[in-house]
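Number of protein chains: 2
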Amino acid sequence: MPTEHIVRSYDEDLRKLRDMTARMGGLAERQVADATRALVRRDTELAAEVVQRDVQIDALEREIEAFCVKLLALRQPMAADLRVIIAAMKASNDLERIGDYAANGAKRSIVLASQTSIGSLNGFERMAHLVQENLKAAMDALVNNDAEAARRVWEADEPVDAIYNGIFRELLTFMMEDPRNITAATHMLFIAKNLERIGDHTTNIAERIYYAVRGDSLPDERPKADQSAFAVVRPAGE
Amino acid sequence: MPTEHIVRSYDEDLRKLRDMTARMGGLAERQVADATRALVRRDTELAAEVVQRDVQIDALEREIEAFCVKLLALRQPMAADLRVIIAAMKASNDLERIGDYAANGAKRSIVLASQTSIGSLNGFERMAHLVQENLKAAMDALVNNDAEAARRVWEADEPVDAIYNGIFRELLTFMMEDPRNITAATHMLFIAKNLERIGDHTTNIAERIYYAVRGDSLPDERPKADQSAFAVVRPAGE
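From first to last, the protein sequence lines stand for chains A and B. As numbered in the UniProt record's numbering, the first sequence has no gaps in its residue numbers, which increase by one up to the final residue, 238. As numbered in the UniProt record's numbering, the second sequence has no gaps in its residue numbers, which increase by one up to the final residue, 238.
Right, dumping it as structure tokens:
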């Protein structure tokens with residue numbers, strides 16, 4: 001029965017799309033984890049690996065996009081299937097950016113390994129840990145088609161922003177203490193910003209999943225706590 | 001003749017999509033221009049306007065996405081038309097990010113207006129000017145369906161990266177001169193990074209246009225000059 005054959009193989013296509021996206025998500029998670037480990041352990045070899053591995057994520061994005069275009073052209077999907085395909089295509093963009101941020105952090109950790117003093121890394125470890133957990137939860141929500149789990153990920157980014165604000169102020173103070181800290185602290189600032197952006201992209205992915213499963217969007221404004229764009233820190237004694 | 005009617009109205013749909021994207025691009029250009037003007041003139045009112053206007057760009061992104069999904073579902077487009085729709089959807093993501101970066105810069109310029117010394121703005125003005133020109137050229141390439149113009153935009157980002165590297169080093173030196181410069185210089189660093197990211201998103205848009213018109217992609221690696229992730233700057237006398 002050719003019709004049934006086509007239907008079954010379409011389901012297989014959608015499963016394949018989901019698998020590709022989950023694989024890309026797993027790779028992105030690993031990049032974030034390894035970039036953080038490289039920073040904390042001053043492991044420049046691992047950092048270099050993270051930088052090199054980024055091409056794999058880029059390649060997966062192109063594969064997913066090409067596969068989505070093929071599905072759109074050949075299958076001419078409607079409603080729910082169309083949403084799943086568009087969500088996968090957009091999630092792959094977010095994962096590609098997450099990969100870029102991890103690789104950029106790894107590059108900076110190579111410079112940091114040559115600096116004597118780089119300040120406290122506690123905030124970074126907590127932030128990276130939360131970001132990875134959210135990313136993992138987002139990919140689980142994708143695999144399980146779970147809109148409620150996606151909503152929880154979407155709501156869980158606020159503590160990430162709060163840690164980022166703390167790190168921002170801490171690093172400015174660290175720079176003010178000694179000008180020799182400035183190069184290191186600047187790279188640390190960008191690594192913290194990268195982690196904050198990874199958190200934002202993770203919430204984007206959660207929004208895509210929610211939309212794909214439910215067909216409607218989460219509210220425009222999610223709980224946000226990043227106030228660093230307005231931060232003013234003064235040198236001690238001023 | 002109903003067939004002809006359908007065909008004509010499909011062309012109209014695609015023209016409408018192009019118009020929406022061009023309008024979004026125009027708004028994004030204006031946000032970048034006004035954010036830069038607000039920074040240079042210390043005009044906090046204009047900066048606040050830029051921050052508020054960002055919702056318009058976000059709304060346009062959602063409109064474009066919804067319209068693309070409608071076109072995909074109702075028109076079931078093939079080949080070239082499918083590419084145009086996907087390119088518009090992805091370009092609208094990039095424009096939304098450009099809007100976010102402009103608004104973030106505007107927020108920071110409000111803090112900077114309260115700082116006594118913020119260092120030289122020459123590099124910023126040059127960088128912002130180049131970034132705006134490239135964005136304008138990208139939107140022209142979109143309106144004119146011009147793949148060669150899109151390729152030129154894609155190649156034109158290198159000088160933006162070069163100015164960014166210069167600003168990065170300048171600001172680190174400015175911080176080392178006096179700890180009271182650190183808050184201002186940190187916000188300036190992020191504004192410069194925002195402009196550099198706006199340049200990157202503009203090249204993404206150029207890639208989408210090239211792909212939509214030609215059906216094949218530009219090479220993986222474009223000329224890049226951002227080396228700031230590896231930069232080390234030492235305090236004078238060290």
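Idealized CB from N, CA, C, for every residue including glycine.
* Asked: Do the CB positions of A150/A and Y210/A come within less than 8 angstroms of each other?
  -> Locating residue 150/A in the first sequence gives position 150, counting from the first residue. Locating residue 210/A in the first sequence gives position 210, counting from the first residue. Taking 8 angstroms as the cut-off, the beta carbon of A150/A is found closer than this to the beta carbon of Y210/A.
* **With 16 other Cβ atoms within 10 Å as the buried cut-off, status of L189/B** => Your numbering for residue 189/B matches position 189 in the second sequence. Around the C-beta of L189/B, 16 or more other C-beta atoms lie within 10 Å, and the residue is accordingly described as buried.
* Asked: In chain order, which alpha helix (DSSP H) runs of at least 4 residues are fully inside the stretch 141-187 of chain A?
  -> List check, alpha helix (DSSP H) in window: 147-155, 158-177.
* Asked: For F174/A, which residues from the same chain have a beta carbon less than 7 angstroms from its beta carbon, with the 5 sequence-adjacent residues on both sides left out?
  -> As a position in the first sequence, residue 174/A is number 174, starting the count at 1. The answer, listed in chain order, is G119, N181, A185.
* Asked: By a C-beta neighbour count over all protein chains shown, 10 Å radius and 16 as the cutoff for buried, is N145/A buried or exposed?
  -> Taking the first sequence and counting its residues from 1, one reaches residue 145/A at position 145. Around the beta carbon of N145/A, a 10 Å sphere encloses fewer than 16 other beta carbons of the protein chains shown; the residue is thus reported as exposed.
* Tell me, to the nearest whole angstrom, how far the beta carbon of E96/A is from that of I57/A; I am working on the premise that it is less than 8 angstroms. => Here the question's residue 96/A lines up with position 96 in the first sequence. Here the question's residue 57/A lines up with position 57 in the first sequence. Contact between E96/A and I57/A holds, with the beta-carbon distance rounding to 6 angstroms and staying under 8 angstroms.
* Just reading off the alpha helix (DSSP H) that residue 278/A is part of, what are its end residues? -> Here chain A covers residues 1 to 238 and nothing more, so residue 278/A does not appear.
* Asked: Could you give the C-beta distance for R208/A and K70/A, rounded to a whole number, given that I count them as a contact under 8 angstroms?
  -> Position 208 of the first sequence holds residue 208/A. Position 70 of the first sequence holds residue 70/A. Not a contact, Cβ separation roughly 20 angstroms.
* Determine, using beta carbons only, whether R126/A and H187/A come nearer to each other than 8 angstroms. => The residue you call residue 126/A lines up with position 126 of the first sequence. The residue you call residue 187/A lines up with position 187 of the first sequence. The Cβ atoms of R126/A and H187/A do not sit closer than 8 angstroms to each other.
* Residue-chain proximity (R180/B, chain A), Cβ-Cβ < 8 angstroms -> For this step, residue 180/B is matched to residue 180 along the second sequence. Yes, R180/B counts as interfacial toward chain A.
* Asked: Leaving out five residues before and five after N194/B in sequence, what residues of the same chain have Cβ atoms less than 7 angstroms from its Cβ?
  -> Residue mapping note: residue 194/B aligns to position 194 of the second sequence, counting from 1. Excluding five sequence positions before and after N194/B, the CB atoms of its chain that fall closer than 7 angstroms to its own CB belong to Y101, N104, G105, given in chain order.
* Reduced DSSP secondary structure (H/G/I, E/B, other) of S114/A -> Against the first sequence, residue 114/A aligns to sequence position 114. Correct three-state label for S114/A: coil.
* Asked: Got a sec, what are the start and stop residues for the alpha helix (DSSP H) L60/B sits in?
  -> As a first step, residue 60/B is located in the second sequence; it is residue number 60 there, counting from the start. Here the alpha helix (DSSP H) through L60/B covers 44-75.
* To do: Could you tell me if P77/A is buried or exposed, where buried requires 16 or more neighbouring beta carbons within 10 angstroms of its beta carbon?
  => Residue numbering aside, residue 77/A sits at position 77 when the first sequence is read from its first letter. The residue in question, P77/A, is buried, as its Cβ has 16 or more Cβ neighbours within 10 Å.
* Asked: DSSP on Q31/B, reduced to helix/strand/coil?
  -> Position 31 of the second sequence, counting from 1, holds the residue named residue 31/B. Look at Q31/B here: in three-state DSSP terms it is helix.
* Asked: For the 8 angstroms Cβ check, are there 3 or more pairs between the stretch 79-88 of chain B and the stretch 14-26 of chain B?
  -> Using a Cβ-Cβ distance cut-off of 8 angstroms, the stretch 79-88 of chain B and the stretch 14-26 of chain B are in contact, since at least three pairs of beta carbons, one from each stretch, lie closer than that value.
* To do: Can you tell me the Cβ-Cβ gap for D157/B and D200/B, rounded? I've got them flagged as a contact below 8 angstroms.
  => Your numbering for residue 157/B matches position 157 in the second sequence. Your numbering for residue 200/B matches position 200 in the second sequence. Rounded, the Cβ-Cβ distance is 7 angstroms, consistent with contact.
* Are the stretch 163-178 of chain B and the stretch 122-138 of chain B touching, with three or more C-beta to C-beta distances below 8 angstroms? -> With the cut-off at 8 angstroms, the stretch 163-178 of chain B and the stretch 122-138 of chain B touch.
* To do: Assign E45/B to buried or exposed, taking buried as 16 or more other Cβ atoms, counted over all protein chains shown, within 10 Å of its Cβ.
  => Working through the second sequence from its first residue, we reach residue 45/B at position 45. E45/B is classed as exposed because its beta carbon has fewer than 16 other beta carbons within 10 Å across all chains shown.
* Starting from the C-beta of Q227/A, find all residues in its chain whose C-beta is less than 6 angstroms away, skip the five residues before and the five after it, and write them out in chain order. => Taking the first sequence and counting its residues from 1, one reaches residue 227/A at position 227. The beta carbon of Q227/A lies closer than 6 angstroms to those of N165 in the same chain, with the five residues before and after it left out.
* Asked: When the cut-off is 8 angstroms and only beta carbons count, does I86/B lie next to chain A?
  -> Here residue 86/B corresponds to residue number 86 of the second sequence, with the count starting at 1. Yes - at least one Cβ of chain A is within 8 angstroms of the one on I86/B.
* Kindly list the residues whose CB is nearer than 7 angstroms to the CB of R197/A, restricted to its own chain and excluding five residues on each side of it in sequence; keep chain order. => Reading the first sequence from its first residue, position 197 is the one you call residue 197/A. So the list reads Y101, once near-sequence residues are dropped.
* **Of the residues V131/B, S92/B, M24/B, the one placed nearest I191/B, counting alpha carbons only** => Within the second sequence, residue 191/B is the residue found at index 191, counting from 1. Nearest of V131/B, S92/B, M24/B to I191/B, Cα basis: V131/B.
* Between V40/A and V55/B, what straight-line distance do the alpha-carbon atoms span, to the nearest angstrom? -> If you number the first sequence from 1, residue 40/A lands on position 40. If you number the second sequence from 1, residue 55/B lands on position 55. Roughly 39 angstroms between the two C-alpha positions.
* **Residues near T183/A by beta carbon distance below 7 angstroms, same chain, minus five either side** => Here residue 183/A is taken as the residue at index 183 of the first sequence, counted from 1. Closer than 7 angstroms at the Cβ level, and outside the excluded window around T183/A, lie Q115.
* **Alpha carbon of A137/A to alpha carbon of I205/A, nearest angstrom** => Translated into the one-based positions of the first sequence, residue 137/A becomes position 137. Translated into the one-based positions of the first sequence, residue 205/A becomes position 205. Taking the straight line joining both Cα atoms gives about 11 angstroms.
* Answer with yes or no whether the minimum CB distance from F230/A to chain B is below 8 angstroms. => For the purposes of this step, residue 230/A is taken as the residue at position 230 of the first sequence. Interface residue, yes.
* Asked: For A91/A, which residues in chain B fall below 9 angstroms Cβ to Cβ?
  -> Position 91 of the first sequence, counted from the start, is the residue given in the question as residue 91/A. Within chain B, no residue comes near A91/A; the closest Cβ sits about 12 angstroms away, beyond 9 angstroms.
* Chain-ordered neighbours of P219/B on chain A, where CB pairs are closer than 8 angstroms -> Counted from its first residue, the second sequence places residue 219/B at position 219. Chain A residues near P219/B: none, gap ~12 angstroms exceeds 8 angstroms.
* Asked: Taking W154/A as the reference, which of L218/A, D140/A, E177/A, V143/A has the closest Cα?
  -> What you label residue 154/A is simply residue 154 of the first sequence in a count that begins at 1. Looking at the Cα atoms, L218/A is the closest of the given residues.
* Candidates A141/B, R42/B, L135/B: closest to A28/B by CA position -> Translated into positions along the second sequence, residue 28/B becomes position 28. Distances from the alpha-carbon of A28/B to those of A141/B, R42/B, L135/B put L135/B closest.
* In this structure, does DSSP put V131/A in helix, strand or coil? -> Here residue 131/A refers to the residue found at position 131 of the first sequence. In the three-state DSSP reduction, V131/A falls in the helix class (H, G or I).
* Asked: Can a CB atom of chain E be found closer than 8 angstroms to the CB of T116/A?
  -> Chain labels in this structure do not include chain E; the protein chains are A and B.
* Status (buried if at least 16 other CB within 10 Å, exposed otherwise) for Q52/B -> Residue numbering aside, residue 52/B sits at position 52 when the second sequence is read from its first letter. The residue is exposed, with fewer than 16 neighbouring Cβ atoms inside 10 Å.
* Between the C-alpha atoms of M20/A and L142/B, what's the straight-line distance to the nearest angstrom? -> Working through the first sequence from its first residue, we reach residue 20/A at position 20. Working through the second sequence from its first residue, we reach residue 142/B at position 142. Computed Cα separation, rounded: 31 angstroms.
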